[in-house]
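Residue numbers (full-length UniProt numbering): 1 to 196.
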(Lines of atoms letter the chains of each structure in order from A; the text may use other names.)
(Lines give C-alpha, C1' and ligand atoms only; values in the text may rest on other atoms or scores of the structure.)
Protein backbone atom coordinates (compact mmCIF):
# COMPACT_ATOMS: atom_id res chain seq x y z
CA UNK A 1 0.00 0.00 0.00
CA UNK A 2 1.17 3.52 -0.81
CA UNK A 3 1.48 6.03 1.99
CA UNK A 4 1.41 9.78 1.62
CA UNK A 5 4.91 10.97 2.48
CA UNK A 6 3.83 14.49 3.37
CA UNK A 7 1.49 13.24 6.09
CA UNK A 8 4.27 11.10 7.61
CA UNK A 9 6.89 13.81 7.98
CA UNK A 10 8.21 14.09 11.52
CA UNK A 11 6.56 10.91 12.82
CA UNK A 12 8.42 8.33 14.86
CA UNK A 13 8.97 4.76 13.67
CA UNK A 14 6.27 3.52 16.06
CA UNK A 15 3.80 6.07 14.74
CA UNK A 16 4.70 5.11 11.17
CA UNK A 17 3.84 1.47 11.72
CA UNK A 18 0.27 2.46 12.56
CA UNK A 19 0.01 5.36 10.10
CA UNK A 20 -3.07 5.44 7.93
CA UNK A 21 -2.53 4.31 4.39
CA UNK A 22 -4.30 5.12 1.19
CA UNK A 23 -5.00 2.44 -1.38
CA UNK A 24 -2.75 2.49 -4.42
CA UNK A 25 -4.49 3.63 -7.57
CA UNK A 26 -4.44 1.07 -10.29
CA UNK A 27 -3.36 2.43 -13.62
CA UNK A 28 -5.90 2.32 -16.42
CA UNK A 29 -3.23 3.28 -18.94
CA UNK A 30 -3.05 0.93 -21.88
CA UNK A 31 0.20 -0.97 -22.04
CA UNK A 32 2.17 -1.73 -25.17
CA UNK A 33 4.06 -4.97 -25.68
CA UNK A 34 7.81 -4.77 -25.19
CA UNK A 35 8.34 -6.02 -28.74
CA UNK A 36 6.36 -3.07 -30.16
CA UNK A 37 8.16 -0.66 -27.83
CA UNK A 38 11.48 -2.06 -29.04
CA UNK A 39 10.36 -1.78 -32.67
CA UNK A 40 9.37 1.86 -32.09
CA UNK A 41 12.74 2.70 -30.51
CA UNK A 42 14.56 0.94 -33.35
CA UNK A 43 12.53 2.79 -35.98
CA UNK A 44 13.12 6.13 -34.26
CA UNK A 45 16.87 5.44 -34.23
CA UNK A 46 16.79 4.51 -37.95
CA UNK A 47 14.87 7.66 -38.88
CA UNK A 48 17.15 9.86 -36.79
CA UNK A 49 20.31 8.33 -38.29
CA UNK A 50 18.86 8.77 -41.79
CA UNK A 51 18.03 12.43 -41.08
CA UNK A 52 21.53 13.01 -39.67
CA UNK A 53 23.08 11.63 -42.88
CA UNK A 54 20.72 13.45 -45.23
CA UNK A 55 20.98 16.81 -43.49
CA UNK A 56 24.62 16.47 -42.40
CA UNK A 57 23.71 17.24 -38.80
CA UNK A 58 23.80 15.51 -35.44
CA UNK A 59 20.27 15.95 -34.09
CA UNK A 60 19.49 15.24 -30.46
CA UNK A 61 17.77 11.91 -29.88
CA UNK A 62 14.27 12.50 -28.54
CA UNK A 63 12.71 10.62 -25.65
CA UNK A 64 10.01 8.20 -26.81
CA UNK A 65 6.98 7.70 -24.59
CA UNK A 66 3.74 5.79 -25.03
CA UNK A 67 1.31 8.05 -23.21
CA UNK A 68 -1.00 9.80 -25.69
CA UNK A 69 -4.68 9.22 -25.09
CA UNK A 70 -7.70 9.93 -27.22
CA UNK A 71 -7.78 9.96 -31.01
CA UNK A 72 -4.33 11.47 -31.64
CA UNK A 73 -1.80 8.95 -32.97
CA UNK A 74 1.18 10.87 -31.66
CA UNK A 75 2.45 14.21 -30.47
CA UNK A 76 5.82 15.93 -30.67
CA UNK A 77 6.84 18.06 -27.69
CA UNK A 78 9.30 20.51 -29.17
CA UNK A 79 11.06 22.00 -26.18
CA UNK A 80 11.29 18.81 -24.13
CA UNK A 81 12.40 16.81 -27.20
CA UNK A 82 9.78 14.11 -26.70
CA UNK A 83 7.68 12.01 -29.00
CA UNK A 84 4.59 10.55 -27.37
CA UNK A 85 2.60 7.85 -29.10
CA UNK A 86 -0.88 6.47 -28.50
CA UNK A 87 -0.30 2.90 -27.26
CA UNK A 88 -3.79 1.67 -28.15
CA UNK A 89 -3.69 2.93 -31.73
CA UNK A 90 -0.09 1.73 -32.06
CA UNK A 91 -1.05 -1.80 -30.99
CA UNK A 92 -3.93 -1.77 -33.51
CA UNK A 93 -1.85 -0.25 -36.38
CA UNK A 94 1.78 -1.19 -35.75
CA UNK A 95 3.06 -1.02 -39.32
CA UNK A 96 1.49 2.37 -40.01
CA UNK A 97 3.03 3.74 -36.80
CA UNK A 98 6.47 2.46 -37.73
CA UNK A 99 6.20 3.62 -41.35
CA UNK A 100 4.45 6.97 -40.93
CA UNK A 101 3.66 8.17 -37.40
CA UNK A 102 7.18 7.98 -35.97
CA UNK A 103 8.77 9.82 -38.95
CA UNK A 104 5.89 12.34 -38.85
CA UNK A 105 6.50 13.22 -35.20
CA UNK A 106 10.29 13.18 -35.60
CA UNK A 107 9.95 15.61 -38.52
CA UNK A 108 8.31 18.11 -36.15
CA UNK A 109 11.30 17.91 -33.80
CA UNK A 110 13.81 18.21 -36.64
CA UNK A 111 12.03 21.26 -38.03
CA UNK A 112 12.06 22.87 -34.60
CA UNK A 113 15.80 22.25 -34.26
CA UNK A 114 16.47 23.61 -37.76
CA UNK A 115 14.08 26.56 -37.98
CA UNK A 116 12.65 27.25 -34.53
CA UNK A 117 8.90 27.65 -34.08
CA UNK A 118 7.11 27.56 -37.45
CA UNK A 119 3.71 26.34 -38.67
CA UNK A 120 3.28 22.74 -37.44
CA UNK A 121 2.59 21.28 -40.89
CA UNK A 122 4.06 24.12 -42.90
CA UNK A 123 6.50 24.19 -45.80
CA UNK A 124 9.52 23.22 -43.65
CA UNK A 125 7.79 20.16 -42.16
CA UNK A 126 6.47 19.10 -45.58
CA UNK A 127 9.98 19.35 -47.02
CA UNK A 128 11.42 17.12 -44.28
CA UNK A 129 8.66 14.55 -44.80
CA UNK A 130 9.12 14.44 -48.58
CA UNK A 131 12.84 15.02 -49.07
CA UNK A 132 14.30 13.36 -45.98
CA UNK A 133 11.86 10.54 -45.21
CA UNK A 134 10.38 10.10 -48.69
CA UNK A 135 6.86 10.11 -47.28
CA UNK A 136 3.73 12.02 -48.22
CA UNK A 137 3.17 14.99 -45.92
CA UNK A 138 -0.12 13.77 -44.47
CA UNK A 139 -1.34 15.71 -41.46
CA UNK A 140 -4.03 13.32 -40.25
CA UNK A 141 -4.39 9.58 -39.85
CA UNK A 142 -7.26 7.39 -40.93
CA UNK A 143 -7.10 4.78 -38.17
CA UNK A 144 -10.29 3.36 -36.70
CA UNK A 145 -10.76 5.21 -33.41
CA UNK A 146 -13.70 3.34 -31.86
CA UNK A 147 -11.42 1.79 -29.22
CA UNK A 148 -10.10 5.18 -28.06
CA UNK A 149 -13.11 7.40 -28.59
CA UNK A 150 -14.59 8.78 -25.39
CA UNK A 151 -18.23 9.19 -24.54
CA UNK A 152 -20.37 11.12 -26.99
CA UNK A 153 -23.75 12.76 -26.49
CA UNK A 154 -26.48 13.47 -29.02
CA UNK A 155 -27.22 17.12 -29.77
CA UNK A 156 -29.80 18.51 -32.18
CA UNK A 157 -30.30 21.73 -34.11
CA UNK A 158 -32.93 22.67 -36.72
CA UNK A 159 -31.41 20.59 -39.53
CA UNK A 160 -29.52 17.61 -38.08
CA UNK A 161 -28.40 15.49 -35.14
CA UNK A 162 -24.74 15.66 -34.10
CA UNK A 163 -22.49 13.88 -31.58
CA UNK A 164 -20.64 16.05 -29.04
CA UNK A 165 -17.64 14.86 -27.05
CA UNK A 166 -17.91 14.43 -23.30
CA UNK A 167 -15.68 17.49 -22.83
CA UNK A 168 -17.97 19.73 -24.89
CA UNK A 169 -21.10 18.18 -23.36
CA UNK A 170 -19.81 18.93 -19.85
CA UNK A 171 -19.03 22.54 -20.81
CA UNK A 172 -22.61 22.94 -22.04
CA UNK A 173 -23.98 21.35 -18.85
CA UNK A 174 -21.92 23.73 -16.68
CA UNK A 175 -23.05 26.74 -18.73
CA UNK A 176 -19.48 27.46 -19.88
CA UNK A 177 -20.12 27.06 -23.61
CA UNK A 178 -22.76 26.73 -26.27
CA UNK A 179 -22.30 25.28 -29.73
CA UNK A 180 -23.96 26.12 -33.01
CA UNK A 181 -24.57 24.15 -36.20
CA UNK A 182 -22.30 25.10 -39.08
CA UNK A 183 -25.13 24.61 -41.58
CA UNK A 184 -28.15 26.34 -40.05
CA UNK A 185 -26.25 28.27 -37.34
CA UNK A 186 -28.85 27.31 -34.73
CA UNK A 187 -27.75 26.51 -31.19
CA UNK A 188 -27.29 22.81 -30.45
CA UNK A 189 -29.42 21.29 -27.68
CA UNK A 190 -28.85 18.00 -25.86
CA UNK A 191 -31.48 15.38 -26.67
CA UNK A 192 -30.88 13.50 -23.44
CA UNK A 193 -29.25 10.59 -25.27
CA UNK A 194 -25.75 9.33 -24.61
CA UNK A 195 -24.46 7.74 -27.83
CA UNK A 196 -21.39 5.96 -26.56
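All residues carry an ideal CB built from backbone N, CA and C; glycine is no exception.
One Cα belongs to residue 110, the other to residue 59, and the distance between them is close to 7 Å. Cβ-Cβ separation between residue 84 and residue 101: approximately 11 Å, too far for a contact (criterion under 8 Å). By alpha-carbon distance to residue 48, the top candidate from 158, 63, 91, 74 is 63.
Here the alpha carbon of residue 34 sits roughly 18 Å from the alpha carbon of residue 99.
For residue 77, the CB contacts under 8 Å within the same chain, skipping 5 residues up- and downstream, are 83, 84 in chain order. Annotation: the continuous beta strand (DSSP E) that includes residue 75 extends over 74 to 77. Going by C-alpha positions, residue 164 is about 12 Å away from residue 181.
As the crow flies, the alpha-carbon of residue 126 is around 43 Å from that of residue 191. In terms of CA proximity to residue 130, 108 leads the group 144, 108, 147, 118. Between the C-alpha atoms of residue 148 and residue 92 there is a straight-line separation of about 11 Å. The beta carbon of residue 193 sits closer than 8 Å to those of 153, 154, all from its chain and outside the five residues before and after it, given in chain order. Taking the CA atoms as reference points, residue 135 sits about 13 Å from residue 51.
With a cutoff of 8 Å on beta-carbon distance, residue 132 and residue 55 are scored as near each other.
Residue ranges of uninterrupted beta strand (DSSP E) with 3 or more members, entirely inside the UniProt domain "SprT-like" (42 to 191) and ordered along the chain, are 63 to 65, 74 to 77, 82 to 85, 152 to 156, 161 to 165. The beta carbon of residue 166 lies closer than 8 Å to those of 150, 151, 152, 153 in the same chain, with the five residues before and after it left out. Residue environment analysis places residue 115 among the exposed positions, since fewer than 16 neighbouring C-beta atoms fall within 10 angstroms of its C-beta. Relative to residue 65, the option among 162, 189, 90, 141 whose CA is nearest is 90. Cβ-Cβ distances below 7 Å link residue 36 to 90, 91, 94 in the same chain, with the five nearest sequence neighbours on each side left out; the list follows chain order.
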